[in-house]
Amino acid sequence: MGPATRIATKDLKLRIRDRSAFILGIFAPLVLAVIFNFVFGGALNAESLDLRFGLVDLDDSEVSRGFWEILSGAESEELLVLTDFEDAAGAEAAVEEGEIDAYYLIDPGMHAAVEAGEEFEIRIVGDVDAPTSTQIAASIAEQFGAGVAGVQLSVATSVALLEGSPPPEIAVWGEEAAARAPSYVLDDATTETRQLDATTYFSAGMAVFFLFFTVQFGVIGLLEEQRDGTMARLLAAPIRRTSVIAAKALLSSWLGIISLSILILATHYLLDASWGPPLGVTLLVMAGVLSAVAIMGLVGSVAQTPEGAGNLGAIIAVVLGMLGGTFFPIGQGDDLLSKLTYLTPHAWFMRGLAEISGGAEWTAALPAVGALLIFALVLGSIAWALMRRRITA
Amino acid sequence: MKVLAIAGSNVRRMLRERSNIFFVFIFPLALILLIGAQFGGDVDPVIGLYQADDDQLATAVAEAVDSEDTLDVIRFDTDQELVTAVERGNAQAGLFLPAGMDQSAESGDLIEIGFVSRTDGFGPQVQSVIGAAVSEVMTPVTAAQFAMEKTWASFDEAFAVAKDQEAAAPGLGTEVTAIGEALFPPTLGRFDLGASSQLVLFVFLTALAGSAALILSRQLGISRRMLSTPTATGTIVIGEGTGRWAVAMVQGIYIILATFLIFRVDWGDPLGALLILVTFSAVGAGAGMLMGAVFSNDAQASGIGVVLSLGLAALGGCMLPVELFSPTMQKVAHITPHAWALDGFAELVRRDGTVVDILPELGVLVAYATVLLVLAAWRLRVALTRS
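As given, the protein sequences belong to chains A and B, one line each in that order. Using the numbering used here, the letters of the first sequence correspond one by one to residues 15 to 407. Using the numbering used here, the letters of the second sequence correspond one by one to residues 98 to 484.
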């Protein structure tokens with residue numbers, strides 16, 4: 015065992031005895047992940063909207079039944095839940111009670127209007143607090159209306175082209191047009207997922223957020239040795255200063271790896287978080303811990319006192335954590351924030367996990383691992399050089 | 098006088114620390130800005146669009162989808178990029194417009210427009226919105242193809258006539274009305290919701306962080322030295338409590354003023370907002386003082402303080418509005434003082450309430466504060482006189 019490992023082992027024992035590393039490294043992230051999962055899990059895991067619509071059909075005709083068929087078709091595909099109401103008052107009460115999100119009101123005369131080519135409106139009455147569901151209800155009606163328009167337009171176009179001499183079979187053209195295959199289809203396909211579910215998201219987010227606090231103990235330990243004068247004594251012994259720095263970096267890495275490993279196992283068994291292939295997760299943990307040690311090492315090398323390092327470290331950890339999307343996802347589509355977030359190791363760690371969470375091979379995590387290692391290498395080298403210059407015999 | 102001196106020194110100590118300046122004054126505003134940017138605006142589903150060529154039909158469909166104001170449309174250069182974006186959740190769904198749509202329409206070949214979504218997202222529902230936009234463009238194509246069969250006209254001719262005839266085929270329109278009282282009225286600014294939640298979160302966080310300062314005072318012997326002067330234990334206890342409360346008030350007033358001036362956040366009735374802040378700060382001060390009395394290691398107290406303040410904030414609806422919780426969780430949420438404070442702010446801002454309307458919330462907060470402060474004063478008295 016070299017001097018670096020010996021010092022690190024001694025420090026690790028000290029840190030285990032002092033409970034603050036345990037509080038920040040394991041207790042805090044675990045409790046918060048459990049609370050977040052408890053509070054938001056239900057709301058966020060059921061990402062799919064729960065569509066509950068009502069139908070008041072006062073026309074009761076062939077056309078209105080056509081609309082009902084479309085809605086019940088969607089219901090059998092489990093896209094929505096449909097309830098029939100006798101009158102508008104009943105449906106309105108259901109909306110106000112929160113039993114349904116919106117209802118369709120088909121007034122008498124729809125069939126007649128469609129045949130005559132006159133305008134007619136399907137009314138949609140929605141809960142003011144369910145704008146998206148109401149919008150979707152309207153879209154379904156619009157789509158049905160567009161289908162009706164298609165039939166009307168097919169017949170009207172044919173009649174117009176014949177210039178005033180419609181043949182006798184025009185009577186059945188409407189039915190023919192309705193039955194005819196459309197000019198296009200909307201091919202529906204689903205993709206695999208490369209995004210963390212809510213439980214794993216909170217577990218991973220809290221784990222990596224507090225990782226940056228956990229690894230601080232090693233760095234701050236180095237500054238404490240300097241402040242308390244024990245550094246001079248260490249250097250008086252046949253120990254190179256690089257060994258002392260290496261020992262503290264080693265301690266930080268150990269603390270980080272231990273806390274992340276415990277958190278991953280605990281959230282896996284307690285919360286059923288799905289972390290993905292073990293090899294990919296292990297690589298991400300290693301690379302993530304190294305990047306955290308590098309950043310906190312850099313903080314330590316520019317700080318004057320252990321307290322200063324702690325305070326600056328907390329600021330850096332909180333800012334990077336927020337921007338990195340450990341509390342809530344950052345950026346939408348391709349806006350500026352979704353680019354800025356990748357300036358943080360946190361975002362890469364989360365992204366790497368997301369890539370392998372949906373059943374992909376562990377190799378899908380490699381780009382994120384690479385990005386984390388670049389953080390570790392670049393910032394770690396600077397920190398190492400600064401620390402070496404700072405610690406003089 | 099001595100009470101004020103002790104309280105004043107607490108506030109000064111807080112302000113001298115540079116990292117406190119960041120966490121108390123800069124960070125909350127940055128977070129309100131970030132949350133406003135992230136969630137405050139429209140939360141429309143994002144739709145990725147890939148168009149294989151610039152055929153007229155493809156362009157027309159793309160424009161129709163673009164003009165849907167319930168959707169945010171992002172264009173992608175390759176179909177693979179679009180699939181990846183949907184997989185990562187950067188887009189809720191993707192629409193693929195194939196090459197050669199004009200040619201297919203003319204020859205009557207079926208045009209296959211691709212739609213990709215995820216089973217766990219908004220995808221299937223978004224599909225109906227997209228479908229409506231697509232059919233708006235494609236209906237004349239279908240009509241022209243039908244007319245070609247009936248009249249032997251050319252596609253271009255039939256398509257032109259179909260476009261002309263659109264007025265004769267009104268189809269069915271829709272008329273949408275909304276009923277009920279809006280939970281979040283449209284007048285609610287994009288920063289309004291975040292501002293009061295972050296105020297509550299941070300005032301409590303800072304108050305609990307104050308427990309570390311109290312522990313330090315005891316460790317460094319400041320408290321003992323104060324006791325050796327002709328100062329009653331009660332005075333020190335009240336002074337420390339006032340100090341914690343003053344720190345919370347400084348931060349709270351700062352957040353209210355800054356968000357009002359910078360983000361034009363509406364805080365409703367000023368007196369009501371101030372009263373909520375006064376009582377909630379007292380709750381925070383009591384909790385912070387209790388922790389400072391019970392713990393003897395400042396690092397442990399800060400760790401626990403972070404867990405407690407973030408955990409209670411999440412439970413109390415500072416991170417996700419309590420109105421979006423399940424009914425059971427809404428009850429659980431009201432165990433926290435946070436939920437009551439937020440209810441009070443909501444009453445003032447969203448329903449234009451006055452002090453009278455928030456009396457129940459204020460009452461609950463006063464009760465919390467009284468219990469915590471009495472408990473804290475007792476424990477602190479014990480802790481101070483034991484050493």
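We treat Cβ as the ideally placed atom computed from N, Cα and C, and that holds for glycine.
For I422(B), three-class secondary structure by DSSP: A quick correction: the sequence has Phe, not Ile, at residue 422(B). Taken through DSSP and simplified to helix, strand or coil, F422(B) comes out as coil.
Pop quiz: A218(A) and L210(A) are said to be a contact at Cβ under 8 Å. What is the actual Cβ separation, rounded to whole angstroms? The pair is a contact, with the Cβ atoms about 6 Å apart (cut-off 8 Å).
Using a Cβ-Cβ distance under 8 Å, would P237(B) count as near chain E? Any reference to chain E falls outside this structure, whose protein chains are A and B.
Pick out the complete beta strand (DSSP E) segments inside the segment 152–225 of chain B, 3 residues or longer, and give them in chain order. The segment 152–225 of chain B contains these whole beta strand (DSSP E) runs: 169–173, 190–194, 208–214.
Indicate whether R387(B) and A473(B) have their beta-carbon atoms separated by less than 8 Å. Going by the sequence as given, residue 387(B) is Leu instead of Arg. A contact, by the Cβ cut-off of 8 Å.
What does DSSP give as the partner residues of I136(A) in its beta bridges? Per DSSP, T271(B).
Would you mind working out which of G164(A), A160(A), V383(A) sits nearest A244(B), comparing C-alpha positions? Comparing Cα-Cα distances from A244(B) to each of G164(A), A160(A), V383(A), the minimum goes to G164(A).
Under 8 Å by Cβ, that's how I've got Q316(B) and R33(A) pegged, so tell me the actual separation to the nearest angstrom. Wrong, their Cβ atoms sit about 16 Å apart, outside the cutoff.
Using a beta-carbon distance below 8 Å, is G277(B) in contact with chain A? Closer than 8 Å: yes.
Taking only beta carbons into account, state which residues of the segment 65–81 of chain A come closer than 7 Å to chain B, listed in chain order. So the close ones are L65.
Consult DSSP for R254(A) and reduce its assignment to one of helix, strand or coil. In the three-state reduction of the DSSP assignment, R254(A) falls in the coil class.
Hey, does E178(B) have any beta-carbon neighbour from chain A nearer than 8 Å? Answer no: the Cβ-Cβ gap between E178(B) and chain A never drops below 8 Å.
Counting pairs of Cβ atoms below 8 Å between the segment 261–276 of chain B and the segment 134–143 of chain A, do you hit three or more? In short, these stretches touch, since the Cβ pair count reaches three.
P182(A) classed as buried or exposed, judged by whether at least 16 other C-beta atoms fall within 10 angstroms: By the neighbour-count criterion, in which 16 or more other beta carbons inside 10 Å mark a residue as buried, P182(A) falls on the exposed side.
Members of the segment 38–49 of chain A that neighbour chain B once the beta carbon cut-off is set at 8 Å: Shown in chain order are the members of the segment 38–49 of chain A whose Cβ falls below 8 Å from a Cβ of chain B: L38, F41, A42, V45, L46, I49.
Candidates L249(A), V307(A), L65(A), of which the one nearest G398(A) by Cα: Per the sequence presented here, residue 398(A) reads as Trp, with Gly not at that position. Here the closest residue by C-alpha is V307(A).
Same chain, Cβ closer than 7 Å to E89(A), neighbours up to 5 away in sequence not counted: If we look at E89(A) and ignore the five residues flanking it on each side, its Cβ neighbours are V95, L96.
Counting only beta-carbon separations shorter than 8 Å, does R31(A) have a partner in chain B? Cβ-Cβ to chain B under 8 Å: no for R31(A).
Around the Cβ of E233(B), are there at least 16 other Cβ atoms within 10 angstroms (buried) or fewer (exposed)? Buried: at least 16 other Cβ atoms inside 10 Å.
To the nearest angstrom, how far is the alpha carbon of I405(A) from that of Q230(A)? Put simply, the backbone Cα of I405(A) is about 18 Å away from that of Q230(A).
For the segment 316–334 of chain A against the segment 251–271 of chain A, do three or more pairs of beta-carbon atoms, one drawn from each stretch, fall closer than 8 Å, so that the two count as touching? No contact exists between the segment 316–334 of chain A and the segment 251–271 of chain A.
Contact set for I309(A): own chain, Cβ-Cβ below 6 Å, skip 5 residues either direction: Once the five neighbours on either side are set aside, the close Cβ partners of I309(A) are L393.
Bridge partner(s) assigned by DSSP for T204(A): Bridge pairing for T204(A): S214(B) [DSSP].
Between the CA atoms of A301(A) and A382(A) - distance to the nearest angstrom: Between A382(A) and A301(A), the C-alpha separation is close to 9 Å.
Kindly identify the DSSP beta-bridge partner or partners of A116(A). Residue pairing of A116(A) in beta bridges, as defined by DSSP: F67(A), G140(A).
Out of curiosity, what's the CA-to-CA distance linking G205(B) and V70(A)? Rounded to the nearest whole angstrom, the CA to CA distance from G205(B) to V70(A) is 38 Å.
Residues in the same chain with beta-carbon distance under 7 Å from Q153(B), minus the five sequence neighbours each way, listed in chain order, please. So the list reads D199, once near-sequence residues are dropped.
Please name the residue, chosen from E111(A), V77(A), E92(A), I120(A), that lies closest to D98(A) on a Cα-to-Cα basis. Nearest of E111(A), V77(A), E92(A), I120(A) to D98(A), Cα basis: I120(A).
Spatial distance of R115(B) from T425(B) (CA atoms): Answer to the nearest angstrom: the Cα atoms are 42 Å apart.
In chain B, which residues lie with their C-beta within 9 Å of the C-beta of V109(A)? Taking the beta carbon of V109(A) as reference, the chain B residues within 9 Å of it are I276, G277, listed in sequence order.
Determine whether the beta carbon atoms of A170(A) and Q189(B) lie at a separation below 8 Å. It is not a contact, given that the beta carbons lie outside the stated cut-off.
Helix, strand or coil: which one does DSSP assign to D98(A)? In this structure, D98(A) counts as strand in the three-state DSSP scheme.
For L146(B), which beta-bridge partners are listed by DSSP? According to DSSP, L146(B) bridges with R172(B), L192(B).
Can you round the beta-carbon distance between A368(A) and S305(A) to whole angstroms, since I take them to be within the 8 Å contact cut? A368(A) to S305(A), Cβ: 17 Å. No contact.
I'd like the list of long-range same chain contacts for I132(B), defined as Cβ closer than 6 Å, with 5 residues on each side in sequence excluded. Only G291 meet the Cβ criterion.
Please determine if the segment 348–361 of chain A and the segment 258–276 of chain A are in contact, where contact requires at least 3 C-beta pairs separated by less than 8 Å. The segment 348–361 of chain A, when compared against the segment 258–276 of chain A, does not touch it at the 8 Å Cβ threshold.
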